[in-house]
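Report on the structure given below.
Residue numbers (our numbering): 5 to 123.
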């Protein structure tokens, strides 16, 4: 993950599927507690890599395709969209711009998404 500088990775522990060759390899199974610990370490590293990747976008101007508009419980109105490289961006906005491209300045980097403001 570090060497490839991955933006994101889906992770899961292996479990054999019935009627496959691997399902017969019971002597090679890794104990559940070991799998759980390894997956936890991998996921923590994944989170760190994702945050480091997102921090590279701070202060940059990016084009975002708006996918959603919502009024949050606290009354804030927010549009959410994706950059051309599939980064999720949340942007305060008073009106629904779903389906439109907007230019955004990235103001904050979180683990799984970015925050921005309309330019």
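Note that the Cβ used here is the ideal one computed from N, Cα and C, for glycine as well.
Keep in mind it's a predicted model, so treat the numbers as computed, not measured.
First and last residue of the uninterrupted alpha helix (DSSP H) at residue i
i, result
"residue 40", "36-59"
Residue i burial status per 10 Å Cβ neighbour count (16 or more: buried)
i, result
"residue 110", "buried"
"residue 91", "buried"
"residue 14", "exposed"
"residue 30", "exposed"
"residue 107", "exposed"
"residue 118", "buried"
"residue 101", "buried"
"residue 25", "exposed"
"residue 70", "buried"
Anticipated Cβ contact below 8 angstroms, residue i with residue j, distance rounded
i, j, result
"residue 120", "residue 82", "Not really, about 11 angstroms apart at Cβ, beyond 8 angstroms."
"residue 54", "residue 116", "7 angstroms"
"residue 114", "residue 58", "7 angstroms"
Nearest candidate by alpha-carbon position, reference residue i, set the options
i, options, result
"residue 49", "17, 12, 100", "12"
"residue 96", "84, 28, 20, 27", "84"
"residue 4", "59, 25, 24, 67", "No statement about residue 4 is possible, as the shown extent of the chain runs from 5 to 123 and does not include it."
"residue 61", "29, 5, 112, 7", "112"
"residue 20", "39, 10, 6, 9", "39"
"residue 5", "123, 46, 104", "46"
"residue 18", "35, 75, 89, 64", "35"
Helix, strand or coil at residue i [DSSP, three-state]
i, result
"residue 32", "helix"
"residue 26", "helix"
"residue 96", "strand"
"residue 14", "coil"
"residue 63", "coil"
"residue 90", "coil"
Endpoints, beta strand (DSSP E) assigned at residue i
i, result
"residue 111", "105-113"
"residue 85", "81-87"
"residue 8", "Run containing residue 8: none; DSSP gives neither H nor E here."
"residue 101", "No beta strand (DSSP E) contains residue 101, which DSSP labels as neither H nor E."
"residue 119", "118-122"
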